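Peer 1: Per my numbering, residue 69 is the first one in the sequence shown, and the count goes up by one each step.
Backbone N, C-alpha and C fix where the C-beta goes; we use that ideal spot for every residue, glycine too.
Computed from a prediction, not measured in an experiment: that's the story for all the values here.
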Amino acid sequence: MAGRKVLIVYAHQEPKSLNGSLKRVAVEELSKQGCSVTVSDLYAMQFEPRATRNDIVGCLHNPEEFNYGVETWEAYKRGDLSNDLIEEQKKVQEADLMIFQFPLYWFSMPAIMKGWMDRVLVQGFAHDFPKCYDSGLLKNKLALFSFTTGGSREMYAKGGISGDIRYLLWPIQHGIMHFCGVKVLAPHICFAPEYVSEEKRKEMLIAWAQRLKTLWKEEPINCSPEWYFK
Ligand SMILES: Cc1cc2nc3c(=O)[nH]c(=O)nc-3n(C[C@H](O)[C@H](O)[C@H](O)COP(=O)(O)OP(=O)(O)OC[C@H]3O[C@@H](n4cnc5c(N)ncnc54)[C@H](O)[C@@H]3O)c2cc1C
């Protein structure tokens, strides 16, 4: 929808990958709609995934015993987080929608993207107990996880060997996004792109572009355990 702001957090090393193509399709389609689209291309940025002392500029709140959660919370309040975190937080703050584009790694997101979650979604900025879940500090924002798998749709079906793909989404959609107050749109999953024909891959890209055309009309999922586990 024209005027909306979208942040795409993208984690793939290779621009020619299917993830690269899915990211390009999203940038093109959303820009065509008049959205302003920002991409955090984590590998290209050499984004630091490790949560360390370096994330706090200047003196520590408690130099005797380092506690990452407390120190980043205090540093956020003082405006003393490292520049890369401040930059990402600005992008999140401005975004109406965050799209996370990645290949599934070990039933989760790649470490570089998990590092983005660990470091950017600091207490005080994204949540601040009891301001969590429906009262999380990022409420009024939307998130969408768009990812590719090695395993087939059948493997990720309810009775499949890998189990229902929704089980894997509980920690990332519920544990991270919903915890921060973000409303979650249904995931977009391209199953096993390496093992299908070129034509099928092209269809996957067309389907993504088609979905994006009406994305702003979608209702968020019902963020309850039933959605994931029933
Ligand atoms: C560390 C690690 C852990 C993993 N863990 C899991 C796991 O737990 N579960 C699981 O299911 N999988 C797992 N995988 C597999 C991984 O999820 C898949 O390899 C990945 O999702 C495939 O996506 P890709 O973008 O990398 O594919 P690519 O190999 O880059 O793309 C597939 C093909 O699409 C082609 N392509 C690109 N753009 C286009 C276009 N515009 N039109 C047509 N074709 C195009 C590419 O050239 C390529 O031939 C893991 C992989 C690794 C490395």
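I'd like to know whether the C-beta atoms of Val250 and Lys207 end up nearer to each other than 9 Å.
Peer 2: If you number the sequence shown from 1, residue 250 lands on position 182. If you number the sequence shown from 1, residue 207 lands on position 139. Yes, the Cβ-Cβ distance between Val250 and Lys207 is below 9 Å.
Peer 1: So does the segment 231-241 actually touch the segment 289-297, counting three or more Cβ pairs closer than 8 Å?
Peer 2: The segment 231-241, when compared against the segment 289-297, does touch it at the 8 Å Cβ threshold.
Peer 1: Assign Thr106 to one of three DSSP states: helix, strand, or coil.
Peer 2: By 1-based counting over the sequence shown, the position of residue 106 is 38. Collapsing the DSSP output to three states places Thr106 in a strand.
Peer 1: Flag this pair as touching only if the segment 93-109 and the segment 122-135 have three or more C-beta atom pairs under 8 Å; answer yes or no.
Peer 2: Result no; under three Cβ-Cβ pairs closer than 8 Å.
Peer 1: Could you say if the segment 85-97 and the segment 111-126 meet the contact criterion of at least three C-beta pairs nearer than 8 Å?
Peer 2: Verdict: no, contact absent.
Peer 1: Tell me the DSSP bridge mates of Pro171?
Peer 2: Start at 1 with the first residue of the sequence shown, and residue 171 comes out as number 103. According to DSSP, Pro171 bridges with Thr216.
Peer 1: Determine the contact status of Gly218 and Trp141, defining contact as a CB-CB distance below 9 Å.
Peer 2: As a position in the sequence shown, residue 218 is number 150, starting the count at 1. As a position in the sequence shown, residue 141 is number 73, starting the count at 1. The answer is no: Cβ separation not under 9 Å.
Peer 1: Return the Cβ separation of Phe95 and Tyr144 in integer angstroms, given the expectation that the two are a contact with Cβ distance under 8 Å.
Peer 2: As a working note, residue 95 is residue 27 in the sequence shown. As a working note, residue 144 is residue 76 in the sequence shown. The sequence as given places Val at residue 95; Phe does not occur at that position. Contact doesn't hold; Cβ gap of about 30 Å is too wide.
Peer 1: Residues in the same chain with beta-carbon distance under 8 Å from Cys248, minus the five sequence neighbours each way, listed in chain order, please.
Peer 2: Counting from 1 along the sequence shown, the entry for residue 248 is found at position 180. Answer for Cys248: Leu189, Ala194, His195, Cys200, Gly204, Leu205 and Leu206, listed in chain order.
Peer 1: Check whether the Cβ atoms of Ala115 and Ile167 lie closer than 9 Å to each other.
Peer 2: To locate residue 115, count along the sequence shown from 1; it is residue 47. To locate residue 167, count along the sequence shown from 1; it is residue 99. With the sequence shown as reference, residue 115 is identified as Phe, and Ala is not the correct amino acid for it. Ile167 sits away from Phe115, with the two beta carbons spaced by 9 Å or more.
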